[in-house]
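Those sequence lines, one after another, are chains A and B.
Per this note's numbering, numbering of the first sequence is gapless, rising by one per residue and ending at 341.
Per this note's numbering, numbering of the second sequence is gapless, rising by one per residue and ending at 1149.
Here is the structure we will look at, set down as structure tokens.
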Amino acid sequence: MNKRLHIKGKNLWRLCALVVLGIVLSCCYTIITEVDQPATAVVGSTVNITVHVNNSCNSSGTAHVVLGFLTPTGWNTAQNAKITYSCTKGNGNMVLIPSTTIAVNSGGVNWPTYMKNFFGNAGNLINDVQWTAYESDVPITYNNGDKINGTFNITFNNIGADGNPTEVKLAYVVANDQNGFTFDGNDGDSSPTSEYYNEMIMPCFQLTGGTGDLVDFCNPQLTTIDPPKSLDNDIVTLTYNNNVVTPALLPNASAVYLCATATLSDGTTVTVCDQSAQTMLTQTAAASGIYQLTFWPRKLFGVTASQTVVSMTYFITDKTGTTKVGYGGTTSPFTYKFKCT
Amino acid sequence: MNNHSILRKQTWLIIALVATFCASCKIEQVAPVPESKKDLTGTWKVIQASRNGTNLVPLFDFTQFSITFNGTAGTYTLNNPVPFIVPANGKYTLDDPQYPYSITFTATGGQPVPTAFNYPIINGARQIIMTFSPGCAQNSYVFTLSKTN
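Here it is in structure tokens:
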């Protein structure tokens, strides 16, 4: 009796294993072979980008093709970037995936969050970039042995909608809505890749022109402000990185100081440059060379209820206030505009 | 003892049992206890604070800030202000005194500002959890307040 049950159980497991194997293998491997995008563009212009993709399928099925596009948050990509696809299975539009759609294998989050969790900021140093997720308007039907070549054609209108000249690493992810960001673990087989998804990070893209301050996502900055976009009634964290320039611009000390001049809405200016506790950036860890000050601009500059802080220029100084570090290590101050776009 | 007598005794016994059974059960009238009105009266201080998910407590001094609610007058007072839902003292209302999901602050001379409101009991004590954006709308702050007295 036990023997019979054992044999039946074994068969059941074999059946299950076959079913699971069948599910796992019902997919297409994906690779982004090339992205055609300009190296530079002007704020407000239209930019055309082509993403070339190869797929290699090992079974039959249907799936929506998913495209993730990483751009600065202020570019309003969902509104400004129109995308079409063209492949040996047909042509069509890429449509935005609703934020309420839970991505497969994501642990219960939507596609943009899944992309952020999985791929991060693609090497961009300021956390003010976002993934925008698109999918093909209809599912693509594929057969075992299919080799599907296709392109995504992105028309990006009014690029740099926030008006800021920018240096950023744009990134692309192609996947499908049946597998998410998974792989089969069989690297080295006949397929070009073992993943059912692929990411490509491009070299730094330069956006010139515009009325705002340069936002450089690509290169380490002497100072950064978090949140990147804030008003004077936010709590902001100013970070100074003494390791960016060698030799270090300021001596290794437990603290450095903010020396700032604010321009207010009524045209007046307020300077705070006192090397005291309120302007002290403390080192995050001994000898780290990273210094931080978190402050409330309205309080630091002592503005009244009817005034707002529009912008500030600032230096980082040593304890004595005599050694000042400015933008790019020069004698010109850093600048920051308090705005939300 | 003849059969007639036994039958009579059994009849009385059955009547007694039925009477006892009937008398033993009655519908209990359970009066529902009304949910208490949420009284915020007291002084509350920040015990947790985050900005876009980043813990602000080690970075920013919240120890001097507090908010005092006066439930009778419906007023609040900010002490040593920090960026908050409203910049000045004023009045407050709850959307539902028994089951509040939203609190509205109206600074003196200002417009009403509603905000999501949570009022859980943590470790036996009430806390207030509020989410708001005092600066740019995309910057989200969550404060958890605990009563000091």
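We put the beta carbon where it would ideally sit given N, CA and C, even for glycine.
ask   = So who's on the other strand from residue 1044 (chain B), going by DSSP bridges?
value = B:1067, B:1147
ask   = If you measure beta-carbon to beta-carbon, which residues of the segment 1069–1086 of chain B are closer than 7 Å to chain A?
value = 1082, 1083
request  = Would you be able to state if there are at least three C-beta pairs under 8 Å between the segment 48–57 of chain A and the segment 137–147 of chain A?
outcome  = yes
Under the three-state DSSP convention, the category residue 74 (chain A) falls into = helix
key: Local Cβ density within 10 Å of residue 1051 (chain B), reported as buried at 16 or more and exposed below that   = buried
message = Run through the DSSP bridge pairs and tell me what residue 226 (chain A) is partnered with.
response = A:237
inquiry  = Between the alpha carbons of residue 1044 (chain B) and residue 1076 (chain B), how many angstroms are there, rounded?
reply    = 11 Å
task = Could you list the residues in the segment 220–234 of chain A with a C-beta less than 7 Å from some C-beta on chain B, going in chain order?
result = 227, 229, 230, 231, 233, 234
task = Quick one: which residues of the segment 118–138 of chain A get their C-beta closer than 7 Å to a C-beta of chain B? List them in chain order.
result = none
query = Could you give the distance in angstroms between the alpha-carbon of residue 86 (chain A) and the alpha-carbon of residue 123 (chain A)?
reply = 29 Å
message = Taking contact to mean 3 or more Cβ pairs, one atom from each stretch, closer than 8 Å, check whether the segment 222–230 of chain A and the segment 85–99 of chain A are in contact.
response = no
ask   = Counting pairs of beta carbons, one from the segment 201–214 of chain A and one from the segment 102–113 of chain A, are three or more of them closer than 8 Å?
value = no
ask   = Which partner residues of residue 264 (chain A) appear in the DSSP bridge assignment?
value = A:309
ask   = Below 8 Å between beta carbons: does that hold for residue 152 (chain A) and residue 94 (chain A)?
value = yes
task = Determine, using beta carbons only, whether residue 1053 (chain B) comes closer than 8 Å to chain A.
result = no
query = What does a CB cutoff of less than 6 Å around residue 1114 (chain B) pick up in its chain, not counting 5 residues either side in sequence?
reply = 1102, 1104
message = Which same chain residues end up closer than 6 Å to residue 1138 (chain B) when comparing Cβ atoms and leaving out the 5 residues on each side of it in sequence?
response = none
query = Bridge partners of residue 79 (chain A), per DSSP?
reply = DSSP output for residue 79 (chain A) lists no bridge partner at all.
task = At 7 Å on the CB atoms, spell out the chain A contacts of residue 1048 (chain B), in chain order.
result = Simply none; closest approach about 14 Å.
key: Members of the segment 1119–1143 of chain B near chain A, C-beta cut-off 9 Å   = 1133, 1134, 1135, 1136, 1137, 1138, 1139, 1141
inquiry  = For a test of the three-state rule: what should DSSP assign to residue 1006 (chain B), helix, strand or coil?
reply    = helix
key: Among A:219, A:173, A:208, A:203, the one whose alpha carbon lies nearest that of residue 197 (chain A)   = A:173
ask   = Exposed or buried, residue 254 (chain A), counting other C-beta atoms within 10 Å across all chains shown (16 or more means buried)?
value = exposed
task = Starting from residue 296 (chain A), find everything on chain B with Cβ-Cβ shorter than 7 Å and list it in chain order.
result = 1082, 1083
ask   = Given that a residue counts as buried once 16 or more other Cβ atoms are within 10 Å of its Cβ, and exposed if not, what is residue 51 (chain A)?
value = buried
message = Quick check: residue 241 (chain A) and residue 66 (chain A), are their CB atoms within less than 8 Å of each other?
response = no
task = Within the same chain, show all residues whose beta-carbon is closer than 8 Å to that of residue 1074 (chain B), passing over the 5 residues directly before and after it, in chain order.
result = 1091, 1092, 1093
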